Amino acid sequence: MKNIFKTILVTVASVSLLTGCIKETFPLEGAATSNQLAQSAAGMAASVDGLVAQMYQPYYFYGSSVQQEFDMSYSGILITYARMLNDVVNNSSTEGYDWWTGYAGSYGYSMKDNTYRMVIPFMTLYKIIKSANDIIGPLAQLEEMNADQKAYLGIAYVYRALMYHDIYNIYLPAQNKYTDCSKVLGLTGPIIVSSAEQETEYKTARAPKEAMSAFVLADLDKAEQLLADYTPPTGRYPGLPVVYGLKARMYLAMEDYANAAKYARMAIDASGKTPLTEAQWHDPATAFCDAAGNNSWMWYYNISGNNMGNLCNPTGFLAGESDWGYNSLTQLAIQRWLYDRMNRTDFRKRSFIDPDRETYPASYYEWADATNYLAAYPFESLPDYKSLKIRCKGGDWETYSIGGAVDWPMMRVEEMYLIEAEAIGMTEGEAAGAAKLEAFMKEYRDPNYSYTIASSTFGEGFVKNFQEEVLYQKRVEFWGEGVGFFDAKRIRPGVKTWYKGSNVIHSTLKYDIEEVSPYWNLLIPLNEIENNDYILDETGVPSEIDGVMTTLNNPNPTSSVENSTTQF
């Protein structure tokens, strides 16, 4: 049996042979013993701080010499989730400026197991898991723990649970008409435990979804006990409300709607958080970039101006006013049908530039520095539906080390309200869920929202039922943030990017995909397959090794769906 963290070592070593520059390694054993690490207050605190800080690291896996600009740890994976929904539209003259276009399913872009696009998500998640395991291993062996040690262990369980929750959702294949998933249905990723825990019965094979979800919930149960008396110093560190929020997410993915509703409500009540106000949403200096500017964020990561580059950072990719990164070239916009379906009284609509420039001129929108920005980027030249939602810190759109040194939400309380609405609708009936959704919308987003009116459009093909209506509100609410992709894999709304009036300009991204996109099923990278006896290429023949069945990889989705050529 080969350990997955040895795979990380081999992967980096292989890259070193190709580039001669990568020097990062991941030793399986350190100089200090587990007991010494557990007893060292300073050492363990530093390990936890390091784990928290890993949510953003430029060139996290491959290093700066390779410069894959989407290689930015978990922050980059969140953007990947946002892009796979196809709610973000690239307006650059060439797709090459858009590092995520392959994840959006651009026809002809390779999504095979040997591409950076498959290596980076997998290795990022397991590298963070290793960091969590390095904390869990020493602390879980202690017979007694003080308050700090309990908090450290609880935090490590939370981060590990988040990573495995995502692995569950990323690698669990959604059956579709474009690729054959019949041999891998129900499989997720390998479960790698700490030195203090018993290896699972599946060793390093892909664990069944039931085993993975049980593992995630067990971690969260432990975290709930350990963090019962813990008060996080800032929202960068998870406390009980985050534990409840992750349980709500996991139960929702499992379609255990009763528990999803239960824990979503517990997260809302325990957090004391409130949805963003209109003023907070549109603040050009703090919106979606400064945790101090709202009471909505339950959990976030932080980027230091001393540890970033102008290209490899989320703000440079997503903030509409940022001048230093790729967004100045891609001018990312919202998918038109998402925009058109919002009421004018929904204040979120003002985050995107309306094509009617006479009725909604530049003065209609909030700008950090209207005079200078619009001199550099004239309002008339900006693409229709361009996003202004995500802002540069302090409104500084020119200096990356200031405007890009942001806080970024990993969990907002609004998500819990929407989980609760869907889950109640699935347990108590559509009317009950619709009432919850309508109450949230009327109080916090659009006073004129009506579920009755919204449901009258279900026959138009974009949003077709109650669950898709909740998903639609998530897609608008969390545009660019990465929330909603896992729900789409579960709810199966299809991908419609080409329709009458569509604002998609690249022919390789024009689609009308039924139910589930094959691009939503990521592959386990070739490096892992070559170094893990229990996972085979999709063409392999499963067999038994030491009582454990080997498992296959997900099917390669590359060019499996033809682009739509319908003329409107």
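Numbering-wise (our numbering), the sequence shown opens with residue 125 and increments by one.
C-beta: ideal position from N, C-alpha, C; glycine also.
Owing to the predicted nature of the structure, the values given are computational and were not obtained by experimental measurement.
Query raised in the report: Beta carbon of Glu633, beta carbon of Tyr231: below 9 Å?
Result: In the sequence on display, residue 633 carries Leu and not Glu. Cβ atoms of Leu633 and Tyr231: closer than 9 Å.
Query raised in the report: Tell me which same chain residues have a C-beta within less than 7 Å of the C-beta of Gly440, skipping the five on either side of it?
Result: In chain order, Asn434, Ser446, Trp448, Gly449, Tyr450, Asn451, Tyr524, Gly528 place their CB closer than 7 Å to the CB of Gly440, counting only its own chain and leaving out the 5 sequence neighbours on each side.
Query raised in the report: What did DSSP end up calling Trp461 once you bin it into helix, strand or coil?
Result: If DSSP states are grouped into helix, strand and coil, Trp461 belongs with the helices.
Report task. Indicate whether the contact test is met: 3 or more Cβ pairs, each with one atom in the segment 601-615 and one in the segment 265-272, closer than 8 Å. Result -> With a cut-off of 8 Å, the segment 265-272 and the segment 601-615 do not count as touching, because too few Cβ pairs lie within range.
Report task. Select from Thr218, Asp531, Asp570, Trp224 the residue whose C-alpha is nearest the C-alpha of Val212. Result -> Ranked by how close their Cα comes to the Cα of Val212, the residues Thr218, Asp531, Asp570, Trp224 have Trp224 in first place.
Query raised in the report: Whole-angstrom Cβ separation of Tyr292 and Thr312, contact assumed at under 8 Å?
Result: 5 Å between Cβ atoms; contact.
Query raised in the report: Hey, how far is the Cα of Leu646 from the Cα of Gly359?
Result: Leu646 and Gly359 have their alpha carbons spaced roughly 30 Å apart.
Query raised in the report: Where does Thr675 sit, in a helix, a strand or coil, going by DSSP?
Result: Residue state, collapsed to three classes: strand.
Query raised in the report: Around the Cβ of Val587, are there at least 16 other Cβ atoms within 10 angstroms (buried) or fewer (exposed)?
Result: Result: buried.
Query raised in the report: For Ile260, does the count of other Cβ atoms within 10 angstroms reach 16, so buried, or fall short, so exposed?
Result: It counts as buried.
Query raised in the report: Whose C-alpha, out of Ile653, Ile669, Ser683, is nearest the C-alpha of Phe246?
Result: Measuring from the Cα of Phe246, the nearest candidate turns out to be Ile653.
Query raised in the report: Looking at the unbroken beta strand (DSSP E) that takes in Met535, where does it start and where does it end?
Result: Note, Met535: beta strand (DSSP E), 531-536.
Query raised in the report: If you run the structure through DSSP and keep just helix, strand and coil, what is Leu266?
Result: In the structure shown, Leu266 sits in coil (DSSP, three-state: anything other than H, G, I, E or B).
Query raised in the report: Cβ atoms of Gln455 and Pro507: under 9 Å apart, would you say?
Result: The Cβ-Cβ distance between Pro507 and Gln455 falls below 9 Å.
Report task. Counting only runs of 4+ residues fully inside the segment 247-295, write out the alpha helix (DSSP H) ranges in chain order. Result -> Taken in chain order, the complete alpha helix (DSSP H) segments of 4 or more residues contained in the segment 247-295 are 271-295.
Query raised in the report: Which residues in the same chain as Asn426 place their Cβ atom closer than 7 Å to its Cβ, once the five residues preceding and following it in sequence are excluded?
Result: Only Arg360, Asp531 meet the Cβ criterion.
**Report entry** Which of helix, strand or coil DSSP assigns to Val607
**Finding:** Correct three-state label for Val607: coil.
Requested in this report: Would you identify the three-state DSSP class for Phe692, choosing helix, strand or coil?
Outcome: Phe692 falls in the coil class under three-state DSSP.
Query raised in the report: How big is the Cα-Cα spacing for Glu593 and Ala578?
Result: So the alpha carbons of these two residues sit roughly 8 Å apart.
Report task. Give the single residue among Tyr281, Tyr387, Asn210, Ile294 whose Cα lies nearest to the Cα of Leu350. Result -> By alpha-carbon distance to Leu350, the top candidate from Tyr281, Tyr387, Asn210, Ile294 is Tyr281.
**Report entry** DSSP-derived helix/strand/coil call for Asn426
**Finding:** In the structure shown, Asn426 sits in a strand (DSSP, three-state: E or B).
Report task. Tell me whether Leu175 is buried or exposed, calling it buried when 16 or more other Cβ atoms sit within 10 Å of its Cβ. Result -> Buried, by the Cβ-count rule.
Query raised in the report: Who pairs with Trp421 in a beta bridge, going by DSSP?
Result: Per DSSP, Arg536.
**Report entry** Cβ-based neighbour list, Leu400, same chain, cut-off 6 Å, excluding 5 preceding and 5 following
**Finding:** Same-chain partners within the cutoff: Asn418, Ser420.
Query raised in the report: Does DSSP put Ile669 in a helix, in a strand, or in coil?
Result: Correct three-state label for Ile669: strand.
Query - Reduced DSSP category for Pro356 - H, G, I as helix; E, B as strand; rest coil - result: Note: Pro356 maps to coil in three-state DSSP.
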